[in-house]
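Taking it in order: structure first as structure tokens, then the write-up.
Numbering (the numbering used here), first residue to last: -14 to 416.
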């Protein structure tokens, strides 16, 4: 009795194992995804990618080799990156032919990655269906349930650095640009830092206030092609305003280019331009006054408002021929003026007595050398103006001569009168 029970239990267990084996076999009825490959192997933003999904059939549904049954495998995006930045150009939505059990096949798709797609993992799904007479039929899935659709998943890595360009300054001429310099040459190297060639590169400089392209406001450069890792140089020539502040300035480079697939990219590059200080001389307390016909010493205050010390400062006065002035001293040497300090020049000037009594403008030329300790050997000149007001006239010395002459005439007449009167009296007595 015990043996019979044991044999019965063993028989039931064997049946259970067989059923389990059949169930496991039936559960493998859906095609398997062995692997996915991509071309190109390194995927970048802007690429057009060929996807190959390698699949095999473990067990055709129902083990019925009905050749009227078809297989349909559709590619669909499965996360936000794939939905927003990928276009499925060839989704192979037509069904493929009948597959025998254990058949192996390769399903191919083509997708386009947006040129501005970010770096990340792009998830996809393969939606698998069996069709019979055009209608989907049930497939046994791995959990033992039946469904008309089975989904296989995979991911595709994308790197947005596939197409990129960079810029850096090789040198500037002069080496230390300063405010007021013209034709400052900036030699810029452009490098393809991506992993694919770029073409039709167009670069438009965008300069800040106080800096302008020397030759054309619509300055631009072209580069026909840059292979992976290749570099080339272009020279940007600029004029610097005299009022440009010393320090670091950024030159914008609006750059557009294409990859070999015709995708177009736009990028804002920047290169630095360091501008060194320079002396900047100005007249302060420049209004003066004097009288027409007089001679005065003009005390002129000169301040260095620049970012660098001034050496060998000289002040020169310039009068137009039509102005009623004579220059007794045309120039005066001050010497060095440190930045923020003031120096004084003394110049003698005479005004014609017949000059109009008004405010006249006298040109003053300021000349200085740059700070030799800073390596600045430039000579700077500045033209200022000072107001010279003629407030009245001096009296002419001829007036005093006339008065003296009149006085002498009066004295001579008196003298003659005193000495002639007695003679006239004597003559009368004799008569």
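Backbone N, C-alpha and C fix where the C-beta goes; we use that ideal spot for every residue, glycine too.
**Request:** Sort 16, 32, 352 by Cα distance to residue 264 and report the nearest one.
**Result:** Residue mapping note: residue 264 aligns to position 279 of the chain shown, counting from 1. Taking only the C-alpha atoms, the option nearest residue 264 is 352.
**Prompt:** How many Å lie between residue 373 and residue 318 at the Cα?
**Reply:** Here residue 373 is taken as the residue at index 388 of the chain shown, counted from 1. Here residue 318 is taken as the residue at index 333 of the chain shown, counted from 1. When rounded, the distance between both Cα atoms is 21 Å.
**Message:** Quick check on residue 213: does DSSP put it in helix, strand or coil?
**Reply:** Taking the first residue of the chain shown as 1, we reach residue 213 at position 228. Residue 213: coil per DSSP, three-state reduction.
**Request:** Hey, could you find the ends of the alpha helix (DSSP H) residue 66 is sitting in?
**Result:** One-based indexing of the chain shown puts residue 66 at position 81. Counting along the chain, the alpha helix (DSSP H) containing residue 66 begins and ends at 65 to 70.
**Message:** Rounded to whole angstroms, what is the Cα-Cα separation between residue 342 and residue 277?
**Reply:** The sequence position of residue 342 within the chain shown is 357, counting from 1. The sequence position of residue 277 within the chain shown is 292, counting from 1. Their Cα atoms are separated by approximately 7 Å.
**Prompt:** Is residue 200 buried or exposed, if buried means 16 or more other CB atoms sit within 10 Å of its CB?
**Reply:** Here residue 200 refers to the residue found at position 215 of the chain shown. Exposed, by the Cβ-count rule.
**Prompt:** Under the three-state reduction of DSSP, which class applies to residue 497: helix, strand or coil?
**Reply:** The requested residue 497 does not occur in the structure, where the chain is confined to residues -14 to 416.
**Asked** What three-state label does DSSP hand residue 358 in the structure shown?
**Response** What you label residue 358 is simply residue 373 of the chain shown in a count that begins at 1. Reduced to three states, the DSSP call for residue 358 is helix.
**Message:** Distance check for residue 287 and residue 369, CA to CA, integer angstroms please.
**Reply:** Within the chain shown, numbered from 1, the residue matching residue 369 stands at position 384. Within the chain shown, numbered from 1, the residue matching residue 287 stands at position 302. Cα to Cα, the separation comes out at about 10 Å.
**Prompt:** Under three-state DSSP, which class holds residue 332?
**Reply:** As a position in the chain shown, residue 332 is number 347, starting the count at 1. Strand at residue 332.
**Request:** Give a yes or no on whether the C-beta atoms belonging to residue 30 and residue 105 are separated by under 8 Å.
**Result:** By one-based count along the chain shown, residue 30 stands at place 45. By one-based count along the chain shown, residue 105 stands at place 120. Not in contact: residue 30 and residue 105 (Cβ atoms no closer than 8 Å).
**Message:** Please list the terminal residues of the continuous beta strand (DSSP E) segment that includes residue 204.
**Reply:** Along the chain shown, one-based indexing puts residue 204 at 219. Unbroken run through residue 204: none, as it is neither H nor E.
**Request:** Taking the CB atoms as reference points, tell me whether residue 55 and residue 116 lie closer together than 8 Å.
**Result:** Indexing the chain shown from 1 puts residue 55 at position 70. Indexing the chain shown from 1 puts residue 116 at position 131. Yes, Cβ-Cβ distance for residue 55 and residue 116 is below 8 Å.
**Item:** Sub-8 Å separation of residue 147 and residue 118 beta-carbons
**Value:** Your numbering for residue 147 matches position 162 in the chain shown. Your numbering for residue 118 matches position 133 in the chain shown. No; because the gap between Cβ atoms is not below 8 Å, this pair is not in contact.
**Prompt:** Can at least three beta-carbon pairs, one atom from the region 303 to 319 and one from the region 333 to 340, be found at a separation below 8 Å?
**Reply:** yes
**Request:** Use the C-beta contact count for residue 228: other C-beta atoms within 10 angstroms, 16 or more gives buried, fewer gives exposed.
**Result:** Here the question's residue 228 lines up with position 243 in the chain shown. The residue is exposed, with fewer than 16 neighbouring Cβ atoms inside 10 Å.
**Prompt:** Does the separation of the CB atoms of residue 300 and residue 316 fall below 8 Å?
**Reply:** Sequence index remark: in the chain shown, residue 300 carries index 315 (1-based). Sequence index remark: in the chain shown, residue 316 carries index 331 (1-based). Yes.
**Message:** Under 8 Å, with one C-beta from each stretch per pair, do the region 131 to 144 and the region 193 to 212 reach the 3-pair mark?
**Reply:** no
**Item:** Buried or exposed by the 16-neighbour rule on C-beta atoms within 10 Å, applied to residue 153
**Value:** Here the question's residue 153 lines up with position 168 in the chain shown. Burial call: exposed.
**Asked** The beta strand (DSSP E) with residue 89 in it runs from where to where?
**Response** For this step, residue 89 is matched to residue 104 along the chain shown. It spans 89 to 98 - the beta strand (DSSP E) in which residue 89 sits, taken as one unbroken run.
**Message:** Do residue 350 and residue 366 have their beta-carbon atoms positioned less than 8 Å apart in this structure?
**Reply:** Walking along the chain shown from the start, residue 366 turns up at place 381. Walking along the chain shown from the start, residue 350 turns up at place 365. Yes, the pair counts as a contact, with Cβ atoms nearer than the cut-off.
**Request:** Can you give me the start and stop residues for the beta strand (DSSP E) that residue 277 sits inside?
**Result:** Indexing the chain shown from 1 puts residue 277 at position 292. 273 to 277 is the span of the beta strand (DSSP E), which, as asked, contains residue 277.
**Asked** By the 10 Å Cβ neighbour count, where 16 or more other Cβ atoms means buried, how is residue 20 classified, buried or exposed?
**Response** Counted from its first residue, the chain shown places residue 20 at position 35. Exposed, since its Cβ has fewer than 16 Cβ neighbours within 10 Å.
**Prompt:** CA-CA distance, residue 322 and residue 254?
**Reply:** In the chain shown, the residue the question calls residue 322 occupies position 337. In the chain shown, the residue the question calls residue 254 occupies position 269. Rounded to the nearest angstrom, the two C-alpha atoms are 40 Å apart.
**Asked** Where DSSP assigns a beta bridge to residue 219, which residues make up the other side?
**Response** Your numbering for residue 219 matches position 234 in the chain shown. Partner(s): 173.
**Message:** If I measure Cβ to Cβ from residue 280 and keep anything under 6 Å in the same chain, skipping five residues before and after, which residues do I get?
**Reply:** By 1-based counting over the chain shown, the position of residue 280 is 295. Within the same chain, residue 280 has close Cβ partners 335.
**Request:** Examine the ligand GDP and report whether any of its heavy atoms sits within less than 7 Å of the Cβ of residue 232.
**Result:** What this structure holds is no ligand at all, so the ligand GDP is not there to describe.
**Message:** Could you compute how far the alpha carbon of residue 46 sits from the alpha carbon of residue 209?
**Reply:** Here residue 46 corresponds to residue number 61 of the chain shown, with the count starting at 1. Here residue 209 corresponds to residue number 224 of the chain shown, with the count starting at 1. Confidence at residue 46 is low in this model, with a pLDDT of 49, below 50, so the placement of that residue should be treated as unreliable; the coordinate-derived value is given next. Each residue's Cα considered, the two are about 58 Å apart.
**Prompt:** Taking just the CA atoms, how far does residue 271 sit from residue 292?
**Reply:** Counting from 1 along the chain shown, the entry for residue 292 is found at position 307. Counting from 1 along the chain shown, the entry for residue 271 is found at position 286. Those two C-alpha atoms are separated by around 22 Å.
**Asked** Can you pull the DSSP bridge partners for residue 318?
**Response** Against the chain shown, residue 318 aligns to sequence position 333. DSSP output for residue 318 lists 299 as bridge partner(s).
**Delimiting residues of the beta strand (DSSP E) encompassing residue 107** = Stepping through the chain shown from its first residue, residue 107 is reached at position 122. Counting along the chain, the beta strand (DSSP E) containing residue 107 begins and ends at 105 to 117.
**Sequence-distant residues of the same chain with beta carbon closer than 7 Å to residue 6, five excluded per side** = One-based indexing of the chain shown puts residue 6 at position 21. Since pLDDT at residue 6 reaches only 30, below the 50 mark, its modelled position is unreliable, and the value read off the structure follows with that caveat. Same-chain partners within the cutoff: there are none.
**Asked** Apart from the five residues on each side of it in sequence, which residues of its chain come closer than 7 Å, Cβ to Cβ, to residue 3?
**Response** In the chain shown, residue 3 corresponds to position 18, counting from 1. Residue placement at residue 3 is flagged as unreliable, the pLDDT there being 30, under the threshold of 50; a coordinate-derived value is accordingly withheld.
**N- and C-terminal bounds of the beta strand (DSSP E) containing residue 232** = Taking the chain shown and counting its residues from 1, the one referred to as residue 232 is at position 247. Segment 232 to 244, the beta strand (DSSP E) holding residue 232.
**Residue span of the beta strand (DSSP E) that contains residue 58, given as start and end** = For the purposes of this step, residue 58 is taken as residue 73 along the chain shown, with counting starting at 1. Residues 54 to 62.
**Request:** Drop a sphere of 10 angstroms on the beta-carbon of residue 396, count the other beta-carbons inside from all chains shown, and report buried for 16 or more, exposed for fewer.
**Result:** Here residue 396 is taken as the residue at index 411 of the chain shown, counted from 1. Label assigned to residue 396: exposed.
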